[in-house]
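As structure tokens, the structure follows; a few thoughts come after it.
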Amino acid sequence: MANSNSPDYRALSLQAEEEWKHAEEQRRHAEEEHRRAEEGRRHAEEGRRHQRRGADVQRTVTYKLPFPKPSRSTKGAIQPPKGKYFPTKLLPWVDLPAKQHDIYTSVCNYLAPAGGAEQRSFPPIIALEEISRRVSRRPLSSERDLETYERLAVEDHLWI
């Protein structure tokens, strides 16, 4: 005979199992939230690190460029470019923001691939300071000076 005061063990077992499943679901949800928050912090830190690195490169190499007084600059008519590419007409670029965003995203993914080890994309700051010292010896007063700067500060690093 069953006692009417005795607990229903089957119902208690089902209730405990439901509570356990609910607690497990909450734990998984909390872990997922924590993982997303951590990923967001990591992504923000990577963005700040890339911004700082880009600012270091720009500050070191570009900001120290000396420019002469206008009286010491190249004078005369601008010569037509020979053996160089140049635009013959300019048209409005309608989809520039979208294209620019695509290119920026592509570059960011190349420089800092998701889940991969970050590669060194630029020389160390000390090397950049040496480049800065070399390009700032003379003021940029002619197209030839600009070509030298372009070679030392930009093109040489594309082949590394």
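Here full-length UniProt numbering is used: position 140 in the sequence shown is 140, and no number is missing along the way.
All residues carry an ideal CB built from backbone N, CA and C; glycine is no exception.
Values in this document were obtained by computation on a predicted structure and should not be read as measured data.
Cα-Cα separation between residue i and residue j, rounded to whole angstroms
i: MET1; j: TYR9; result: Confidence in MET1 is poor, its pLDDT being 48 and thus under 50, which makes the residue's placement unreliable; the coordinate value appears in the next sentence. Roughly 16 Å separates the two Cα atoms.
i: VAL154; j: ALA37; result: 37 Å
i: HIS22; j: ARG28; result: 10 Å
i: ALA30; j: GLU24; result: 10 Å
i: HIS34; j: TRP20; result: 21 Å
i: LYS89; j: GLN79; result: 18 Å
i: LEU128; j: GLU147; result: 18 Å
i: SER132; j: SER106; result: 28 Å
i: ALA16; j: GLY115; result: 40 Å
i: LYS99; j: LYS82; result: 30 Å
i: LYS69; j: TYR104; result: 36 Å
i: HIS43; j: PHE86; result: 39 Å
i: GLU32; j: LEU14; result: 27 Å
i: SER71; j: ALA77; result: 15 Å
Of the listed residues the options, nearest to residue i (C-alpha basis)
i: GLU46; options: CYS108, GLN26, GLY76; result: CYS108
i: LYS75; options: THR148, GLU147, TYR149, GLU143; result: GLU143
Chain-order list of residues whose beta-carbon lies under 7 Å from that of residue i (same chain, five-residue window excluded)
i: PHE67; result: PRO139, LEU140
Sub-7 Å separation of residue i and residue j beta-carbons
i: ARG137; j: LEU152; result: no
Residues near residue i in its chain [Cβ-Cβ closer than 8 Å; skip 5 each side]
i: ASP145; result: ARG138, PRO139
Residues near residue i by beta carbon distance below 6 Å, same chain, minus five either side
i: SER73; result: SER141
i: GLU39; result: none
i: LEU91; result: none
If we require 4 or more residues per run, which alpha helix (DSSP H) segments fall completely within the stretch 111 to 151?
Runs of the alpha helix (DSSP H) spanning 4 or more residues and lying entirely within the stretch 111 to 151 occur at 125 to 135, 143 to 150, in chain order.
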